[in-house]
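A quick write-up on the structure given underneath.
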Amino acid sequence: MLLRQFGRRRPWAQILNPSKALSTQVELNTDLRAELADLIPGQQERLKQTKAKCGGVSLGEVTVDMAIGGMRGIKGMLWDTSLLDPEEGIRFRGLSIPECQKLLPAAVEGGEPLPEGILWLLVTGKVPTKEQVLAVSKELKSRAQVPGHVFDAINALPKSAHPMTQFTAGIMALQVESEFQKAYEKGIHKSKFWEPVYEDSMNLIARLPELAAYIYRRVYKGGQVISADNELDYGANFAHMLGFKDAKMHELMRLYVTIHSDHEGGNVSAHTVRLVGSALSDPYLSFAAGMNGLAGPLHGLANQEVLRWIKFVVEEVGSDVSTDHLKDYVLKTLKSGKVVPGFGHAVLRKTDPRYTCQREFALKHLPDDPLFKLVSKLYEVVPPILLDLGKVKNPWPNVDAHSGVLLHHYGLTEDNYYTVLFGVSRSIGVLSQLIWDRALGLPIERPKSMTLDWIENYCKSKVSKFVNACQYWPFLYAVS
Ligand SMILES: CC(C)(COP(=O)(O)OP(=O)(O)OC[C@H]1O[C@@H](n2cnc3c(N)ncnc32)[C@H](O)[C@@H]1OP(=O)(O)O)[C@@H](O)C(=O)NCCC(=O)NCCS
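Each residue of the sequence shown is one higher than the one before, starting from 707 at the first, in our numbering.
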């Protein structure tokens, strides 16, 4: 009780500035749910005040280009767990990737952050201590067992089904255990929605590695499943269940999960989870929907596409390809009406810091890997070519340009599995936000759509009003 009261009185400045919170934290709560419960009343009040004081403030205009251009740039969503700056890249609860690498607890001294730490950070807005991270790790382990019927559901699909199809089917099979659905049927009060949503989200995050590893072992390793190792943390255990023992692969997995966890709210997978959840569909239904979006080649499937593209180049001319040859391949790809996978972004306008930190990992651990060298060469070759097209808004590499090469180096060579890794990681961010969506009582989403007729007529009337106004300008000048 004392801890709860302490938490409730803590100023929000600390929560929004986790590094400050770290230095001033005195008493510690190692129970994530209790910590969250402490934070909710303050955030609810903050939202209420914002609505009351700023409800009428405009966040910017919406042009026809925006409405027909995938809603680019429209500020229409509250998403607290992370924010994407076009120039700087992602910040998780205010922390950049290098800051997370510095501040979040690691398994090895100076090593990569533990995914349990990013989960604590995203849910609470505070940098966790090692004890808090260990407590989350323990909690996830206690929730991790996947019920048998889920494997039966996956086994009903042909092994040739894309791993993302199997993954989504597995998530849907897990849905029968939804606490939220049961509570809703029993008539739970809306002020309590977040509680079963928290339970479902934590269960789902905990179970996804085993589900994902099962699919990997089923499809590529003759169905020889590897049991969880309860001594290992979330990232390392995931790598272990996939079949990887190398400590560096365990480090890579921790980094991978952390940096893929969240990328603000407007991207296809995150927005889908939010949208479906806003209908009070439970976290399983919402997350499965988001994963179907992640499976698209312009979104999460790009990591698979990148490695395929690179392998194709290597098959044709070897890994020691000259710059000129590489340019020819890029141009050939563009001429055949395809995008260069791993480059470009809807929001970012600089090199993705998720690319940069993976590059740093490669420089530290695998500087001589031939595919890494090829990826480095692409970094030089692709951007000027994309810039020359004159239409690409961001010619720089994104997260997917690098991830496949690192996984390939440690033996995870099955590229059509890569998006599943992305999916497991993404659960941490989108479900953290979904818990808050229900805690804050955010309403069902319902933006306004228009027909082309409506847009044309609206624009015509705007133009004619403008022309009419212009006729009076000389008069206005004369009298002023
Ligand atoms: C990510 C992506 C979908 C963003 O799309 P977007 O916001 O529409 O990007 P832009 O506004 O820069 O697109 C303008 C034009 O440039 C093209 N373009 C953008 N990135 C490109 C790329 N990597 N290769 C070739 N053309 C590209 C677009 O297809 C579009 O062409 P169009 O007008 O003929 O349709 C796009 O950059 C892309 O397809 N990248 C490759 C796939 C990828 O890596 N996805 C993972 C993203 S994390």
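Glycine included, C-beta positions come from ideal geometry on N, C-alpha and C.
Can you give the beta carbon distance from P869 to V1126, rounded, assuming they're within the 8 Å contact cut? The Cβ separation is near 5 Å, so the contact holds.
Rounding to the nearest angstrom, what Cα-Cα distance links D1106 and K892 in this structure? Going from the Cα of D1106 to the Cα of K892 covers about 43 Å.
Could you give the distance in angstroms between the alpha-carbon of P915 and the alpha-carbon of R849? Approximately 12 Å, taken between the alpha carbons.
Where does I1150 sit, in a helix, a strand or coil, going by DSSP? It is coil, neither helix nor strand.
What is the residue span of the alpha helix (DSSP H) that L948 lies within? Taken as a continuous stretch (DSSP letters only), the alpha helix (DSSP H) holding L948 covers Y940 to L948.
Could you tell me whether the segment 988-1003 touches the segment 851-861, using the rule of 3 or more Cβ pairs below 8 Å? By the criterion of at least three beta-carbon pairs nearer than 8 Å, the segment 988-1003 is not in contact with the segment 851-861.
Shorter than 6 Å, the distance from the beta carbon of L1004 to the closest heavy atom of ligand 1, or not? Ligand 1 approaches L1004 closely enough that one of its heavy atoms is under 6 Å from the residue's Cβ.
Beta carbon of P821, beta carbon of G941: below 7 Å? The answer is yes: Cβ separation under 7 Å.
Could you check if K898 belongs to the surroundings of ligand 1, using beta carbon to heavy atom distance under 6 Å? Every heavy atom of ligand 1 is 6 Å or more from the Cβ of K898, so no.
Own chain, CB closer than 7 Å to L753, minus 5 neighbours either side, in chain order: The residues are L1146.
With respect to 6 Å, is the separation between the Cβ of P1059 and the closest non-hydrogen atom of ligand 1 below this value? Shortest gap from the CB of P1059 to any heavy atom of ligand 1: 6 Å or more.
For I796, which beta-bridge partners are listed by DSSP? Beta-bridge annotation (DSSP): I796 is paired with L790.
For L801, write down the residues that DSSP places opposite it in a beta bridge. In DSSP, L801 forms a bridge with F798.
I need the straight-line Cα distance from K844 to Q1064, nearest angstrom please. In this structure, the CA atom of K844 is about 28 Å from the CA atom of Q1064.
In the DSSP output, which residue or residues are listed as bridge partners for P1103? Per DSSP, the beta-bridge partners of P1103 are F1049.
With respect to the alpha helix (DSSP H) encompassing E1120, which residues constitute its N-terminal and C-terminal limits? Annotation for E1120: no alpha helix (DSSP H) segment contains it, and DSSP assigns it neither H nor E.
Out of curiosity, what's the CA-to-CA distance linking P792 and N861? Between the C-alpha atoms of P792 and N861 there is a straight-line separation of about 43 Å.
By DSSP, does D859 sit in helix, in strand, or in coil? Position check: residue 859 holds Ala in this sequence, whereas Asp was assumed. In the three-state scheme derived from DSSP, where H, G and I count as helix and E and B as strand, A859 is classed as helix.
Using alpha carbons as the reference points, say which of H1071, F798 and W826 lies closest to L745. Here the closest residue by C-alpha is W826.
Apply the 10 Å Cβ neighbour rule to F1078 and answer buried if 16 or more other Cβ atoms are within range, or exposed otherwise. So F1078 counts as buried.
Run the proximity test for G1048: is its beta-carbon closer than 6 Å to any non-hydrogen atom belonging to ligand 1? Because some heavy atom of ligand 1 lies under 6 Å away, the Cβ of G1048 counts as near it: yes.
Buried or exposed by the 16-neighbour rule on C-beta atoms within 10 Å, applied to Y904: With 16 or more other Cβ atoms from the protein chains shown falling within 10 Å of its own Cβ, Y904 counts as buried.
Give the secondary structure of A812 by DSSP, where H, G and I count as helix, E and B as strand, and everything else as coil. In the three-state scheme derived from DSSP, where H, G and I count as helix and E and B as strand, A812 is classed as strand.
Looking only at its own chain, which residues have a Cβ that is under 6 Å from the Cβ of S967, when we skip the five neighbours before and after it? Cβ neighbours of S967 beyond the five flanking positions: I824, S1131, I1134 and G1135.
Can you tell me whether P819 is helix, strand or coil according to DSSP? Annotated three-state conformation of P819 is strand, per DSSP.
Tell me the DSSP secondary structure of E970 in three-state form. DSSP places E970 in coil when its eight states are reduced to three.
How would you write the range of the alpha helix (DSSP H) that P1090 sits in, first residue to last? Unbroken alpha helix (DSSP H) run through P1090: P1076 to L1095.
What three-state label does DSSP hand W785 in the structure shown? Coil at W785, not helix or strand.
Which listed residue (T830, I796, G776 and F798) has its alpha carbon closest to that of L734: Nearest of T830, I796, G776 and F798 to L734, Cα basis: T830.
Under a Cβ-count criterion, where at least 16 other Cβ atoms within 10 Å of its own Cβ denotes burial, should P1149 be classed as buried or exposed? With fewer than 16 other Cβ atoms within 10 Å, it is exposed.
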